[in-house]
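Sequential numbering of the sequence shown, starting at 809, is according to my numbering.
Accompanying notes for the structure given below.
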Amino acid sequence: MTESPNGAKTGAVADVRQPASYYERHIFFCLNERKNGEQCCAHHGAAEGFDRCKMQVKAAGLSGPGKVRVNKAGCLDRCAAGPVAVVYPEAVWYSFVDNHDNHDIDEIVESHLKNGRVVERLLIPGDVGR
Ligand code: FES
809 MTESPNGAKT
819 GAVADVRQPA
829 SYYERHIFFC
839 LNERKNGEQC
849 CAHHGAAEGF
859 DRCKMQVKAA
869 GLSGPGKVRV
879 NKAGCLDRCA
889 AGPVAVVYPE
899 AVWYSFVDNH
909 DNHDIDEIVE
919 SHLKNGRVVE
929 RLLIPGDVGR
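What follows is the structure in structure tokens.
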């Protein structure tokens, strides 16, 4: 630990004992929309995927403290893979298709959010960014 010019202690590790994580898992959906024609998740079914996830998590009884939280997010800067969602605490990034014929979201909910098994086929390659 050192002392700054104003006398404040710096470099100390704060004693921030936390209870168990409030949510077991947290999934964030990018819902960002760009009106200038650039790639964005909003133009690739992001809102439908978010709505589907909320509905499926609730239907499965997974929502709430100690379980799963589904949240909207702005741009997550991985637009080229959009639509994207990321699950924490594992920091697993997914791209998905969710429409009348294909419900990738259902698989993410059942496999990852419910059972902790990553859905390998939906992973975004590590080098895909904006
Ligand atoms: S617009 Fe969705 S990650 Fe950037």
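Every residue gets a Cβ at the ideal spot worked out from N, C-alpha and C, and that includes glycine.
Burial of Pro891 is indicated by the presence of at least 16 other C-beta atoms within 10 angstroms of its C-beta. Per DSSP, reduced to three states, the secondary structure at Arg833 is strand.
Uninterrupted beta strand (DSSP E) stretches at least 3 residues long and entirely within the segment 834-903 occur at 876-881, 892-896, 900-903, given in chain order. The Cβ neighbour count for His852, taken over all protein chains shown within 10 Å, is at least 16; the residue is labelled buried.
Distance from the CA atom of Val865 to the CA atom of Val878, rounded to whole angstroms, is 8 angstroms.
When the alpha-carbon of Gly934 is set against those of Ala828, Cys887, Ala854, the nearest one is in Cys887.
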